[in-house]
Amino acid sequence: MANSKKVLYLLRHGEAEPGFGQIGDYERPLTDKGKKQINRLAVELFKSGVELDLMVSSSSKRTMETARILSSILTCKKSDSFPDLYEADPKTILRVINQTDASIQNLLIVGHNPGISALATFLSGETYLIMKPGMLAKLEIYMEDWASVGQNTAGLIEIIQ
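Letter by letter, the sequence shown follows residues 4 to 164 of the working numbering.
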């Protein structure tokens with residue numbers, strides 16, 4: 004099988020409410036600004052013709068809210084959440100990517116920092132990327148399957164915020 008272009012979108016969740024001990028980090032919701040931020044991003048992606056085969060998110064409240072906003076605007080064939088992606092290091096996120104079925108061409112991961120920033124840097128070989136809330140890195144990968152994705156195997160196409 005020839006290598007095919009796969010597109011990986013790495014998104015840091017939208018701006019979230021501070022915890023300040025009143026609620027646990029896992030339960031922090033998006034702020035109104037964070038909701039607008041993700042809505043604006045979803046509209047921009049929709050206008051540019053983005054269609055997702057799979058969207059995977061952490062199971063925290065803010066990442067699930069981010070994923071819900073995206074899926075209300077974008078075409079997304081399948082979505083899932085993984086508790087392991089909450090506060091995941093790059094290796095854990097990469098494991099989820101590597102286990103993705105080869106038939107998936109467009110994959111979006113909604114996660115947290117520092118894992119999302121570190122993974123975008125690791126995959127692209129770019130100088131350390133700092134992903135602020137609501138920032139999305141679009142990477143292209145030319146491989147026949149996701150299992151082969153690793154260090155310096157992706158090209159950073161753009162950062163969208």
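Backbone N, C-alpha and C define an ideal beta-carbon position, used for all residues, glycine too.
Inset, instruction - Would you mind reading off the limits of the beta strand (DSSP E) that contains residue 31? - result: One-based indexing of the sequence shown puts residue 31 at position 28. Here residue 31 belongs to no beta strand (DSSP E), and DSSP marks it neither H nor E.
Inset, instruction - To the nearest angstrom, report how far apart residue 92 and residue 117 are at their CA atoms. - result: On the sequence shown, residue 92 is found 89 positions in, with the first residue counted as 1. On the sequence shown, residue 117 is found 114 positions in, with the first residue counted as 1. Each residue's CA atom was taken as its position, placing residue 92 and residue 117 some 7 Å apart.
Legend entry - residue 64 versus residue 162: straight-line alpha-carbon distance, rounded: In the sequence shown, residue 64 corresponds to position 61, counting from 1. In the sequence shown, residue 162 corresponds to position 159, counting from 1. Computed Cα separation, rounded: 24 Å.
Inset, instruction - Starting from residue 83, follow the alpha helix (DSSP H) in both directions and report where the run begins and ends. - result: Translated into positions along the sequence shown, residue 83 becomes position 80. Run containing residue 83: none in the alpha helix (DSSP H); it sits in the beta strand (DSSP E), 82-85.
Legend entry - Minimum length 3: unbroken beta strand (DSSP E) runs contained in the region 59-114: List check, beta strand (DSSP E) in window: 82-85, 109-114.
Inset, instruction - With DSSP as the reference, please indicate the residues paired to residue 54 in a beta bridge. - result: Here residue 54 refers to the residue found at position 51 when the sequence shown is read from its first residue. BP columns for residue 54 point to 78.
Legend entry - Assigned secondary structure, residue 8 (DSSP; H/G/I helix, E/B strand, else coil): Within the sequence shown, numbered from 1, the residue matching residue 8 stands at position 5. Strand.
Inset, instruction - Evaluate residue 3 with the Cβ neighbour count: other Cβ atoms within 10 Å of its Cβ, from every protein chain shown; 16 or more gives buried, anything less gives exposed. - result: As displayed, the chain neither begins before 4 nor continues past 164, which places residue 3 out of reach and without an answer.
Legend entry - Buried/exposed call for residue 128, threshold 16 Cβ in 10 Å: Indexing the sequence shown from 1 puts residue 128 at position 125. By the neighbour-count rule (16 or more Cβ atoms within 10 Å), residue 128 is not buried but exposed.
Legend entry - Spatially closest choice to residue 75 from 46, 101, 112, by CA coordinates: As a working note, residue 75 is residue 72 in the sequence shown. The shortest Cα separation from residue 75 among 46, 101, 112 belongs to 46.
Inset, instruction - Can you tell me the Cβ-Cβ gap for residue 147 and residue 115, rounded? I've got them flagged as a contact below 8 Å. - result: Residue mapping note: residue 147 aligns to position 144 of the sequence shown, counting from 1. Residue mapping note: residue 115 aligns to position 112 of the sequence shown, counting from 1. Actually they are not in contact, since the Cβ atoms of residue 147 and residue 115 sit about 30 Å apart, beyond 8 Å.
Inset, instruction - Could you work out which residue in 143, 33, 25 is closest to residue 109 when comparing CA atoms only? - result: Taking the first residue of the sequence shown as position 1, residue 109 is located at position 106. Checked all of 143, 33, 25; the closest Cα to residue 109 is 143.
Legend entry - Best match in 23, 106, 122 for proximity to residue 88 [C-alpha to C-alpha]: Counted from its first residue, the sequence shown places residue 88 at position 85. For residue 88, the nearest C-alpha among the options comes from 122.
Legend entry - Three-way DSSP call (helix, strand, coil) for residue 135 in this model: Here residue 135 refers to the residue found at position 132 of the sequence shown. The answer is coil: DSSP assigns residue 135 none of H, G, I, E or B.
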